[in-house]
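Colleague: In full-length UniProt numbering, the protein residues as written are 1 to 325.
Pasting the structure below:
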């Protein structure tokens with residue numbers, strides 16, 4: 001004989017189920033909001049970073065890079081301790097091949113940082129922003145070449161448009177955006193190597209700065225000869241600003257890592273244009289950089305390419321959702 005279920009128990013079960021569902025939904029919304037705020041924070045800091053570098057422009061670019069490496073290393077040690085990430089660090093320590101590859105990524109990201117700092121402090125901020133606008137398209141291209149990812153039709157069109165913009169500049173004006181392309185290629189190379197390596201952001205950055213630390217210290221002590229190279233002779237304000245290079249590097253990284261934990265990668269991807277957009281606006285309206293005709297043409301093609309790239313990503317995401325439901 002089937003057992004009878006009391007109405008009271010049914011109501012209790014339903015109300016408990018509803019409570020759990022609402023609670024999970026609320027937590028999910030909270031995590032998404034946290035992810036969005038962290039992503040906004042990370043890309044905003046990366047966007048306004050030129051203001052910081054302009055503040056210390058009397059310091060040569062290679063010295064700023066050295067300080068960025070040294071102080072980033074110490075801030076990463078603090079970060080690893082606060083986030084209790086040392087176990088990940090010890091795991092990588094047992095894998096010499098990964099440590100060697102992190103040496104290569106260290107040189108790649110240091111090259112990117114140096115080009116970026118030099119560009120910002122020598123009146124080429126527009127080209128720097130162009131580089132980070134191009135970067136998503138170079139990422140897609142590298143994905144096809146090295147990870148055997150297939151291009152969708154719209155992605156082919158987007159990459160072709162970006163390439164057309166660069167070729168028109170070369171043909172019409174006899175120049176190419178070397179700074180922008182260098183930044184895009186070095187950052188895409190860095191991203192590709194790190195993706196294949198499979199080491200988390202915090203641990204990877206700690207090893208990278210550790211690789212670069214001896215070079216930075218030796219350069220600062222024995223080769224740097226500018227008036228600002230001796231920190232004992234600097235004002236305390238300048239020294240604090242130089243130490244802040246570590247914060248400028250690690251804080252957005254921490255925010256980005258946190259955002260990646262709470263958002264879909266496709267969602268996170270839409271925030272990547274915030275940084276170069278802020279940089280572009282700062283270059284034109286705050287620092288008075290001139291938008292030349294050749295740059296305007298290149299930017300125009302890149303922006304149209306990015307619009308197509310974004311629409312394609314949205315369409316693909318909606319298509320996947322429909323399949324899942």
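We put the CB at the ideal spot given by N, CA and C, even for glycine.
Computed from a predicted model, the values in this text were never measured in an experiment.
1. Since I believe residue 160 is in contact with residue 137 (beta carbons under 8 Å), could you give me their beta-carbon distance rounded to a whole number of angstroms?
2. Hey, would you say residue 213 sits closer than 8 Å to residue 73, going by beta carbons?
3. Decide yes or no for the touch test of the segment 112-123 against the segment 45-65: beta carbon pairs closer than 8 Å, at least 3 of them.
4. Could you check what DSSP says for residue 291 in three-state terms: helix, strand or coil?
5. Using only the alpha-carbon positions, how far apart do residue 276 and residue 314 sit?
6. Here's the rule: buried if 16 or more other CB atoms are within 10 angstroms of the residue's CB, otherwise exposed. What is residue 199?
7. Is residue 129 buried or exposed, if buried means 16 or more other CB atoms sit within 10 Å of its CB?
8. Return the CA-CA distance between residue 76 and residue 255, expressed in angstroms with no decimal places.
9. Hey, which unbroken runs of the beta strand (DSSP E) at 3 residues or more fall wholly within the segment 168-232?
10. Would you kindly check if the distance between the Cβ of residue 292 and the Cβ of residue 177 is under 8 Å?
11. Once you ignore the five residues that flank residue 101 on each side, which residues in its own chain have a CB closer than 6 Å to its CB?
12. Within the continuous alpha helix (DSSP H) that includes residue 143, where are the two ends?
13. Which residues in the same chain have their Cβ closer than 8 Å to the Cβ of residue 144, if we skip the five residues on either side of it in sequence?
14. Whole angstroms is fine: what's the gap from residue 303's alpha carbon to residue 132's?
15. If you compare alpha carbons, which of 171, 284, 323 and 210 is closest to residue 66?
16. Round the Cβ separation of residue 50 and residue 231 to the nearest angstrom and send it over; I've been treating them as touching at under 8 Å.
17. Using the Cα positions of residue 146 and residue 195, report the straight-line distance between them to the nearest angstrom.
18. Which value, in whole angstroms, describes the spacing of the CA atoms of residue 233 and residue 220?
19. What does the Cβ neighbour count give for residue 68, buried or exposed, with the cut at 16 atoms within 10 Å?
20. Would you tell me roughly how many angstroms separate the C-alpha atoms of residue 251 and residue 323, rounded to the nearest one?
21. Could you give the DSSP three-state label for residue 315: helix, strand or coil?
22. Do residue 108 and residue 189 have their C-beta atoms closer together than 8 Å?
Modeller: So, from the data block:
1. For the purposes of this step, residue 137 is identified with residue 137 of the chain shown, where counting begins at 1. For the purposes of this step, residue 160 is identified with residue 160 of the chain shown, where counting begins at 1. 10 Å between Cβ atoms; not a contact.
2. Reading the chain shown from its first residue, position 213 is the one you call residue 213. Reading the chain shown from its first residue, position 73 is the one you call residue 73. In contact: residue 213 and residue 73 (Cβ atoms closer than 8 Å).
3. yes
4. Residue numbering aside, residue 291 sits at position 291 when the chain shown is read from its first letter. Three-state DSSP puts residue 291 in coil, outside helix and strand.
5. Against the chain shown, residue 276 aligns to sequence position 276. Against the chain shown, residue 314 aligns to sequence position 314. The straight-line gap from Cα to Cα measures roughly 21 Å.
6. Within the chain shown, numbered from 1, the residue matching residue 199 stands at position 199. Residue 199 should be labelled buried.
7. The count along the chain shown starts at 1 and reaches residue 129 at position 129. Residue 129 should be labelled buried.
8. Mapped onto the chain shown, residue 76 falls at position 76. Mapped onto the chain shown, residue 255 falls at position 255. One C-alpha to the other measures close to 13 Å.
9. none
10. Locating residue 177 in the chain shown gives position 177, where the first residue counts as 1. Locating residue 292 in the chain shown gives position 292, where the first residue counts as 1. Cβ distance not < 8 Å, so residue 177 and residue 292 don't count as in contact.
11. Translated into the one-based positions of the chain shown, residue 101 becomes position 101. Result list for residue 101: 197, in chain order.
12. For the purposes of this step, residue 143 is taken as residue 143 along the chain shown, with counting starting at 1. Residues 125-147.
13. For the purposes of this step, residue 144 is taken as residue 144 along the chain shown, with counting starting at 1. Counting only Cβ-Cβ distances below 8 Å, and skipping sequence neighbours, we find 150 and 151.
14. Residue 303 sits at position 303 when you count from the first residue of the chain shown. Residue 132 sits at position 132 when you count from the first residue of the chain shown. If I take the Cα positions, the gap works out to 12 Å.
15. As a working mapping, residue 66 is identified with position 66 in the chain shown. Among 171, 284, 323 and 210, the Cα nearest to that of residue 66 is on 210.
16. Counted from its first residue, the chain shown places residue 50 at position 50. Counted from its first residue, the chain shown places residue 231 at position 231. Actually they do not touch by this definition, with Cβ atoms about 23 Å apart.
17. On the chain shown, position 146 is the one that residue 146 refers to. On the chain shown, position 195 is the one that residue 195 refers to. Going from the Cα of residue 146 to the Cα of residue 195 covers about 11 Å.
18. The residue you call residue 233 lines up with position 233 of the chain shown. The residue you call residue 220 lines up with position 220 of the chain shown. Rounded to whole angstroms, residue 233 to residue 220 spans 14 Å at the Cα level.
19. Counting from 1 along the chain shown, the entry for residue 68 is found at position 68. Buried, since its Cβ has 16 or more Cβ neighbours within 10 Å.
20. Translated into the one-based positions of the chain shown, residue 251 becomes position 251. Translated into the one-based positions of the chain shown, residue 323 becomes position 323. Rounded to whole angstroms, residue 251 to residue 323 spans 38 Å at the Cα level.
21. For the purposes of this step, residue 315 is taken as residue 315 along the chain shown, with counting starting at 1. The answer is helix: DSSP assigns residue 315 an H, G or I state.
22. In the chain shown, the residue the question calls residue 108 occupies position 108. In the chain shown, the residue the question calls residue 189 occupies position 189. Taking 8 Å as the Cβ cut-off, residue 108 and residue 189 qualify as a contacting pair.
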